[in-house]
Amino acid sequence: MTRYLVIRLLESAVTVWGVVTIVFFSLRLTGDPVLLLLPLGSTPDQVEQLRHALGFDRPLPLQYLVFLEHIVRGDFGISTRFGSPALPVVLERLPATMEVALLAMLVAALLGGAAGIVAAMRPNSRFELAAMGAALLGQATPVFWLAIMLILVFAAWLHWLPSGGFGGLDHLILPVITLATYSSASIARLLRASLLAVRAQDYHRTARAKGLAEWRILLRHLLKNALIPVITVFGLQVGLLLGGAVITETVFSWPGEGRLIVQAIQNRDFPVVQAATCVFAIMIIGVNLLVDLTYSVLDPRIRYAEGE
Amino acid sequence: MRQDPTLRKARRITRRAALKLLGSGVVVSAAGLFGPTVTRPAHAASKAVTIGLDSDINTLDPHMTASVGTDLSVISHLYSSLVFRGPDLKVHPLVAASWQPVSSTTWRFTLRGGITFPDGEKLDAAAVKWNIDRVLNPATKARITPWFALVSDARVVSDMVLDVVTKEPYPAFVDQLTEFYLLAPRWAADHNPAQEAMGTGPYTLKEWVKDDHIALDAKPAYWGDRMAFQTVTFRPVPEASSRVSGLLAGDLDVILDVAPSDFGRINGSRRARAGAVPSVRSAMVKFNTLQKPFDNRAIRQALNYAVDKVGLIKSLLPGLTAPNDGQILTSAYFGFNPDLKPYPYDVAQAKRLLAGAGAQGGLDVEFDVPTGTYLLGEEISEAITGQLGQVGVRAKITEMPFSVYMDKFVKQHNMAQMIYLTLAWATLDADGLLTLFEKGNMYAYWSNDAFSSLLDQARATIDRAKRLALYKQATALMREEAPVLFLFPQPATYATANTIEWRARPDDWVRVWEMIPKA
Chain E
74 MTRYLVIRLL ESAVTVWGVV TIVFFSLRLT GDPVLLLLPL GSTPDQVEQL RHALGFDRPL
134 PLQYLVFLEH IVRGDFGIST RFGSPALPVV LERLPATMEV ALLAMLVAAL LGGAAGIVAA
194 MRPNSRFELA AMGAALLGQA TPVFWLAIML ILVFAAWLHW LPSGGFGGLD HLILPVITLA
254 TYSSASIARL LRASLLAVRA QDYHRTARAK GLAEWRILLR HLLKNALIPV ITVFGLQVGL
314 LLGGAVITET VFSWPGEGRL IVQAIQNRDF PVVQAATCVF AIMIIGVNLL VDLTYSVLDP
374 RIRYAEGE
Chain A
369 MRQDPTLRKA RRITRRAALK LLGSGVVVSA AGLFGPTVTR PAHAASKAVT IGLDSDINTL
429 DPHMTASVGT DLSVISHLYS SLVFRGPDLK VHPLVAASWQ PVSSTTWRFT LRGGITFPDG
489 EKLDAAAVKW NIDRVLNPAT KARITPWFAL VSDARVVSDM VLDVVTKEPY PAFVDQLTEF
549 YLLAPRWAAD HNPAQEAMGT GPYTLKEWVK DDHIALDAKP AYWGDRMAFQ TVTFRPVPEA
609 SSRVSGLLAG DLDVILDVAP SDFGRINGSR RARAGAVPSV RSAMVKFNTL QKPFDNRAIR
669 QALNYAVDKV GLIKSLLPGL TAPNDGQILT SAYFGFNPDL KPYPYDVAQA KRLLAGAGAQ
729 GGLDVEFDVP TGTYLLGEEI SEAITGQLGQ VGVRAKITEM PFSVYMDKFV KQHNMAQMIY
789 LTLAWATLDA DGLLTLFEKG NMYAYWSNDA FSSLLDQARA TIDRAKRLAL YKQATALMRE
849 EAPVLFLFPQ PATYATANTI EWRARPDDWV RVWEMIPKA
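Now the structure itself:
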């Protein structure tokens, strides 16, 4: 197991290095940010001066080596937009994103999980029809539209909830509902399909024949097997949400990671884009690793030990 | 099939689960009914105002930003400048009580005494000199260095008198100083002005939660006018529809950049009003006169005749603006020529000019438009394309993000044949704006010696009458030569809650002392 983890960590380091390198070069291929920083009407001399001061006039390979040397020390440079170190700028936004992402995934897991289980255990019932219909709508609804409609109805018309911004529970409700909608819908559909497939297996028929209670069969036998594909998708979605759900954060003015990255890209704030993609890559890799380890818990046939 | 008792238990569980969900939903909604209405304050009673901006500020350092609408507006509440521009768009004294040119290259400022920073430092001539030196120092990498490109030195004449020496005459220097805010020298040495603030302005910084809000508190003792609002909150709300919803929900009192299509909804609610003022930013279609076909003046003039500006405004921006008077300056600018008129809408004349230039068979031109940058830019460009099509000019629109558009326009010196552009100059002086069309300027794509010579003469003197006469000629020449398709000043749209009385300023400044609370 340890050997497996070590190999995975090394692979992750290579992946992160690859991501950071690709981002570095593709950013610089799109042009430099100096023009966007100076007031309109600055002369070419003034532009050159700032370009030189920020180090964008050195040859690209040299910039890259300097960049690598700095990031191993955790220094991603100074944000050209904010004027302060880029990595703290990125990490500052992380708690806000994590709050809404994890809460949304929790709601999605509970709601989607419950709906999926009941739909599978009661095939062809009215509940199943309603649940799967709602799930289809949930997956098809554009996030943008849903967010705006929720704000319109609950904030502008009913005055029940705030229209946006960072805060306590009442500020979290609408963004969490928006994010959880798509995830719970896809979890519900996937879990139902997975459970139905698993119910068709021989071991399920054996368990029923033994006279075991339905819910015990569910917990002990069915779920463990049905969850494997669902956990994969769940893990992917958690990773994506941790990177920041840009649309939701923008519409709700939620001070998160996604908004930061997109604005940094538009403003050509290279240090922040680099720091954010690096952090994002590490988080996704971490989540994927957790998902892979969960497989071995769910399915004893999957073991990451030597010699298997 | 006989009902298996274990099945029934399972169903009970799921029903229980469903009831739990329903119950918690009811509780949440009930909390929503009673909770927020109790916690959110009624703004009419307390003297607080919340302003919705379209993005968060980048920095609190007054020398590291040039954006008036966000950063500098917030900064102007915390710090003071030598002079400021009032709602009448005229320059008024603030820290500088008076100023005059002592020679064509030296401006003398006499400061109003008695202003100190909260840490005790005096805002005197030495402090102002320190600020100017900071901008001129290359190590600072100040973003506003271009504004001081003509400044060679600042000299302390006495405690409250400062001379600023320029390399060449700089007639619009004082106008430029309306955007220059003053830090405390000793404080700035061991604090980070980008993140913290301590200034001589009417407000102190209470807190800045990045991307969420900036809260300011009025100072109990301020050397200037008394403030009507005790608390000011700036909230970045990037999504336009969320700003409108926020206004209607009562979370925001003032918002900017309101889409004209939302005016009806806002004015129809009983909580807020929407409106617009013509800004100092003029929209235009800029021609690349260095290439065909726009190297031909007749063709450029033809396109000016071919666009029905009045009709365009009526359909896209009804009642919000009016066509530019044959120049890119608006009446707010020094150097505006009141004698010029817009090109009339004359399709016949346009076709005649095109035929005379040998283009009666039609023309194909590229038209670059930046997305999400200018108010209704994409829609206006499409409307213009339709109108040009009627005289046989087929414009092919290519939309692109602003950064790519700027790259092509400025960095690669590869501007398309036509681009949709808006231009303004914060000093409201013709020199700044017209210089963008001077021969050799990287934004110009126009090479006219007579025009450049007029600008040179106008900036070599600080005599206002002489300058006005020269700009009269320059603007007339520009209209005749038509290096752009003149359009109209872009409207500055805004909306306020009924508890606030305020009109947006044409020059983007957002300042709470220009807002009046209504009971």
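Protein chains in written order, with my numbering: chain E, 74 to 381; chain A, 369 to 887. Yeah, the Cβ is synthetic: ideal placement off N, Cα and C, and Gly gets one too.
| Asked | Found |
| --- | --- |
| Can you tell me which of the three DSSP states A/L744 falls into? | coil |
| Can you give me the Cβ contacts of A/I425 inside the same chain, cut-off strictly under 6 Å, excluding the 5 residues immediately before and after it? | T438, D439 and V442 |
| Nearest to A/W475 by CA position, among A/R720, A/T534 and A/K490, is which residue? | A/T534 |
| Could you name the residues of the same chain whose beta carbon sits closer than 6 Å to that of E/T75, not counting the 5 residues immediately before and after it, in chain order? | none |
| Measuring alpha carbon to alpha carbon, tell me which residue in E/A220, E/G150 and E/P134 is nearest E/A253. | E/A220 |
| DSSP state of E/L231, grouped into three classes? | coil |
| Quick check: what's the CA-CA separation for E/Q347 versus E/V96? | 7 Å |
| Whole angstroms are fine: how far does the CA of A/P455 sit from the CA of A/A617? | 29 Å |
| Determine the DSSP secondary structure at E/P302, reduced to helix, strand or coil. | helix |
| Going along the chain, which unbroken runs of the alpha helix (DSSP H) with 4 or more residues stay wholly within the stretch 767-808 of chain A? | 770-774 and 798-802 |
| Check whether the stretch 809-827 of chain A and the stretch 644-653 of chain A touch, using three or more Cβ-Cβ pairs below 8 Å as the test. | no |
| What does E/P302 reach in chain A if we use C-beta pairs closer than 8 Å? | Residues of chain A passing the Cβ test: none, with the nearest at roughly 23 Å. |
| Flag A/Q563 as yes if its beta-carbon sits less than 9 Å from any beta-carbon of chain E, otherwise no. | yes |
| Looking at C-alpha atoms only, which residue of E/P117, E/M171 and E/L127 is the closest neighbour of E/D342? | E/L127 |
| Within the 9 Å Cβ cut-off, does A/T572 reach chain E? | no |
| Does DSSP classify E/I375 as helix, strand or coil? | coil |
| Report all residues from its chain with a CB closer than 6 Å to the CB of A/F704; omit the five preceding and five following residues, and keep chain order. | L697 |
| Along the chain, where does the beta strand (DSSP E) containing A/E734 start, and where does it finish? | L731 to P738 |
| Figure out for me which residue from A/W515, A/A798 and A/S815 has the closest Cα to the Cα of E/T116. | A/W515 |
| From A/S820, A/P646 and A/K719, pick the residue whose C-alpha is nearest to that of A/N672; which is it? | A/K719 |
| Taking buried to mean at least 16 other C-beta atoms within 10 Å of its own C-beta, is A/H460 buried or exposed? | exposed |
| For E/Y137, report the span of its alpha helix (DSSP H) as first-last. | L133 to I144 |
| Give the residues from the stretch 108-135 of chain E that approach chain A closer than 9 Å (Cβ to any Cβ), ordered along the chain. | L108, L109, L110, L111, P112, L113, G114, S115, T116, P117, D118, Q119, V120, Q122, L123, A126 and L127 |
| To the nearest angstrom, report how far apart E/S85 and E/N340 are at their CA atoms. | 29 Å |
| For a contact defined as C-beta to C-beta under 8 Å, what are the partners of A/G800 on chain E? | G114 |
| For E/R265 and chain A, any beta-carbon pair shorter than 9 Å? | no |
| Provide the residue(s) that pair with A/F655 in DSSP beta bridges, ordered along the chain. | A/M786 |
| Short of 8 Å in beta carbon distance, which residues of its chain neighbour E/V89, apart from the five on each side in sequence? Order them along the chain. | C351, A354, I355 and I358 |
| At which residues does the alpha helix (DSSP H) containing A/A840 begin and terminate? | Ala is not the amino acid found at residue 840 of chain A; the sequence shown has Lys there. Counting along the chain, the alpha helix (DSSP H) containing A/K840 begins and ends at R832 to E849. |
| Which two residues bound the contiguous alpha helix (DSSP H) that contains A/W877? | Segment: none, A/W877 is in no alpha helix (DSSP H) and carries neither H nor E. |
| When the Cα atoms are used, what is the spatial distance from E/V466 to E/V335? | Here chain E has residues from 74 to 381 only, and residue 466 of chain E is not among them. |
| Residues of chain A with CB closer than 7 Å to the CB of E/L225, please, in chain order. | S613 |
| Using a C-beta cutoff of 9 Å, does A/L855 count as contacting chain E? | no |
| Please name the residue or residues paired with A/T599 in a DSSP beta bridge. | A/A416 and A/D585 |
| How about A/R603: is its C-beta nearer than 9 Å to some C-beta of chain E? | yes |
| Once the 5 residues before and after A/L658 are set aside, which same chain residues still bring their CB inside 6 Å of it? | Y813 |
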